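**Student:** Mind having a look at this structure? Questions to follow.
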Amino acid sequence: MTKLDIRTVDVTQYITPLREGGSLPAIVKADDDFLYVLKFRGAGQGKKALIAEFIGGELARAIGLKVPELVFMNLDDSFSKMEPDEEIQDLLKFSVGLNLGLHYLSGSITFDPLASVADAKTASKVVLLDSIISNIDRTSKNPNILNWNKELWVIDNGASFYFHHNWDTWKNHLIRTFPLIKDHVLLSRATDLENASKEIIKALDKTTIKNIINTIPEDWLINEGDSLTPSEIRDAYTDYLDAKLAMIDSLVKEAQDAR
Numbered sequence: 001m002t003k004l005d006i007r008t009v010d011v012t013q014y015i016t017p018l019r020e021g022g023s024l025p026a027i028v029k030a031d032d033d034f035l036y037v038l039k040f041r042g043a044g045q046g047k048k049a050l051i052a053e054f055i056g057g058e059l060a061r062a063i064g065l066k067v068p069e070l071v072f073m074n075l076d077d078s079f080s081k082m083e084p085d086e087e088i089q090d091l092l093k094f095s096v097g098l099n100l101g102l103h104y105l106s107g108s109i110t111f112d113p114l115a116s117v118a119d120a121k122t123a124s125k126v127v128l129l130d131s132i133i134s135n136i137d138r139t140s141k142n143p144n145i146l147n148w149n150k151e152l153w154v155i156d157n158g159a160s161f162y163f164h165h166n167w168d169t170w171k172n173h174l175i176r177t178f179p180l181i182k183d184h185v186l187l188s189r190a191t192d193l194e195n196a197s198k199e200i201i202k203a204l205d206k207t208t209i210k211n212i213i214n215t216i217p218e219d220w221l222i223n224e225g226d227s228l229t230p231s232e233i234r235d236a237y238t239d240y241l242d243a244k245l246a247m248i249d250s251l252v253k254e255a256q257d258a259r
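Residues in the sequence shown are numbered from 1 upward in steps of one, following the working numbering.
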């Protein structure tokens, strides 16, 4: 089974929580001496949010968007024992094991819809990617895009693939478009959708998608109450992405009409 080359590091220091994030991510230091934003498996949407974050981030990277390096992060139980804040203590306790980290972009600022610059091709790629992965969380209120080194960086894809919260009905989503694209923060700047769609189709071939899905840690695919096996879940993500790419012309039209 071919996979992406994703590094695994150990958390060595919990530095500070990011309280603007609903799932209470944190800035941490790892044994490679770099800083990361750690997304916790014990947070609200659990491991499924990590899966969405990982797939969305690596798809974005594959189509040429800027994405912080993603790493798998081991968290041991010593951190919860040393944490005085009860809320954070519980989060750390329930997140022992493998989590997801994003390389911390020091000095980055949140994208400002009124002041930040976004070129048409980048905006179009982000809009179409979010249509493909059903990302409901890239709006003017919560852009989940950073400005860093005069470039746009895509982060926080954890609200994507919301079909995976109910595996009994996931196939119903295979034929649906994404009307919520009307609320996308970059929609008004996405004036190159047709060209962007061609680049996306070329970049996201079956091998690329398969390698990303194969890299999801097995442990993240095991959740109490899920009706599918880990192997079936991998196939479901693959089938979902194949279906969305097959209907990309409809997604382009939907976004154009929403503009």
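Even for Gly, the Cβ is constructed at its ideal location relative to N, Cα and C.
Since the model is a prediction, treat every value here as computed from it, not as a measurement.
(1) Determine the closest residue to His-331 out of Val-117, Asn-142, Gln-13, with distance taken between C-alpha atoms.
(2) Any idea what DSSP makes of Val-185, helix, strand or coil?
(3) Would DSSP call Asn-195 helix, strand or coil?
(4) For the stretch 60 to 69 against the stretch 39 to 52, are there 3 or more C-beta pairs whose distance is under 8 Å?
(5) On the DSSP bridge assignment, give the partners of Ala-30 in chain order.
(6) So Ile-201 and Ile-248 are in contact, right, with Cβ under 8 Å, and what is the actual spacing, rounded?
(7) When the Cα atoms are used, what is the spatial distance from Leu-75 to Gly-158?
(8) Could you check where the beta strand (DSSP E) with Phe-72 kicks off and where it finishes?
(9) Can you tell me where the alpha helix (DSSP H) holding Tyr-237 begins and where it ends?
(10) Using 8 Å as the threshold, is the C-beta distance between Glu-58 and Leu-146 below it?
(11) Report all residues from its chain with a CB closer than 8 Å to the CB of Asn-211; omit the five preceding and five following residues, and keep chain order.
(12) What does the Cβ neighbour count give for Val-252, buried or exposed, with the cut at 16 atoms within 10 Å?
(13) Residue range of the alpha helix (DSSP H) that Glu-87 falls in?
(14) What do you get for Gly-107, buried or exposed, if any count of 16 or more other CB atoms within 10 angstroms of its CB means buried?
(15) Within its chain, find whatever has a CB closer than 8 Å to the CB of Ser-188; leave out the 5 residues flanking it on each side and keep chain order.
(16) Rounded to whole angstroms, what is the Cα-Cα separation between Asp-77 and Pro-217?
(17) Going by DSSP, name the residue or residues bridged to Glu-263.
(18) Pick helix, strand or coil for Tyr-104, following the three-state DSSP scheme.
(19) Across the stretch 228 to 248 and the stretch 171 to 184, are there enough close Cβ pairs to call them in contact, namely three or more that are closer than 8 Å?
(20) With 16 as the cutoff for other CB atoms within 10 Å, does Thr-122 come out buried or exposed?
(21) Could you check where the alpha helix (DSSP H) with Leu-128 kicks off and where it finishes?
(22) Contact defined as beta carbons within less than 8 Å: I believe Leu-100 pairs with Phe-54. What is the distance between those atoms, to the nearest angstrom?
(23) Using 10 angstroms around the beta-carbon of Ser-227, count the other beta-carbons present and answer buried if the total reaches 16, otherwise exposed.
(24) Between Ile-88, Leu-50, Ser-80, Glu-87, which has its C-alpha nearest Val-71's C-alpha?
(25) Quick one: Cα of Leu-92 to Cα of Phe-79, how far?
**Tutor:** The structure says:
(1) With the chain running from 1 to 259 in the structure shown, residue 331 is simply not present.
(2) One-based indexing of the sequence shown puts residue 185 at position 185. Coil, per DSSP.
(3) If you number the sequence shown from 1, residue 195 lands on position 195. Note: Asn-195 maps to helix in three-state DSSP.
(4) no
(5) Looking up residue 30 in the sequence shown gives position 30. Ala-30 pairs with Val-11.
(6) Taking the sequence shown and counting its residues from 1, one reaches residue 201 at position 201. Taking the sequence shown and counting its residues from 1, one reaches residue 248 at position 248. Their Cβ separation, rounded to whole angstroms, is 6 Å, which keeps Ile-201 and Ile-248 in contact under 8 Å.
(7) For the purposes of this step, residue 75 is taken as residue 75 along the sequence shown, with counting starting at 1. For the purposes of this step, residue 158 is taken as residue 158 along the sequence shown, with counting starting at 1. The straight-line gap from Cα to Cα measures roughly 19 Å.
(8) Taking the sequence shown and counting its residues from 1, one reaches residue 72 at position 72. Counting along the chain, the beta strand (DSSP E) containing Phe-72 begins and ends at 70 to 75.
(9) Here residue 237 refers to the residue found at position 237 of the sequence shown. Here the alpha helix (DSSP H) through Tyr-237 covers 230 to 246.
(10) Residue 58 sits at position 58 when you count from the first residue of the sequence shown. Residue 146 sits at position 146 when you count from the first residue of the sequence shown. No, the pair does not count as a contact, with Cβ atoms beyond the cut-off.
(11) Residue 211 sits at position 211 when you count from the first residue of the sequence shown. Closer than 8 Å at Cβ, skipping near neighbours: Thr-2, Lys-3, Leu-4.
(12) The residue labelled residue 252 in the question sits at position 252 within the sequence shown. Classification of Val-252: buried, given that the 10 Å Cβ count is 16 or more.
(13) Taking the sequence shown and counting its residues from 1, the one referred to as residue 87 is at position 87. Segment 86 to 93, the alpha helix (DSSP H) holding Glu-87.
(14) Numbered from 1 along the sequence shown, position 107 holds the residue referred to as residue 107. Exposed.
(15) One-based indexing of the sequence shown puts residue 188 at position 188. Answer for Ser-188: Arg-259, listed in chain order.
(16) Taking the first residue of the sequence shown as position 1, residue 77 is located at position 77. Taking the first residue of the sequence shown as position 1, residue 217 is located at position 217. If you take the alpha carbons of Asp-77 and Pro-217, they lie about 20 Å apart.
(17) Absent from the model: residue 263. The displayed extent of the chain is 1 to 259, so no value can be given.
(18) Position 104 of the sequence shown, counted from the first residue, corresponds to residue 104. The answer is coil: DSSP assigns Tyr-104 none of H, G, I, E or B.
(19) yes
(20) Walking along the sequence shown from the start, residue 122 turns up at place 122. Classification for Thr-122: buried.
(21) Position 128 of the sequence shown, counted from the first residue, corresponds to residue 128. Its alpha helix (DSSP H) spans residues 120 to 132.
(22) Position 100 of the sequence shown, counted from the first residue, corresponds to residue 100. Position 54 of the sequence shown, counted from the first residue, corresponds to residue 54. Yes, Leu-100 and Phe-54 are in contact; Cβ-Cβ is about 6 Å, under 8 Å.
(23) The residue labelled residue 227 in the question sits at position 227 within the sequence shown. When all chains shown are included, Ser-227 counts as exposed.
(24) Counting from 1 along the sequence shown, the entry for residue 71 is found at position 71. Of the candidates Ile-88, Leu-50, Ser-80, Glu-87, the one whose C-alpha sits nearest the C-alpha of Val-71 is Leu-50.
(25) Translated into the one-based positions of the sequence shown, residue 92 becomes position 92. Translated into the one-based positions of the sequence shown, residue 79 becomes position 79. In a straight line, the C-alpha of Leu-92 is about 7 Å away from that of Phe-79.
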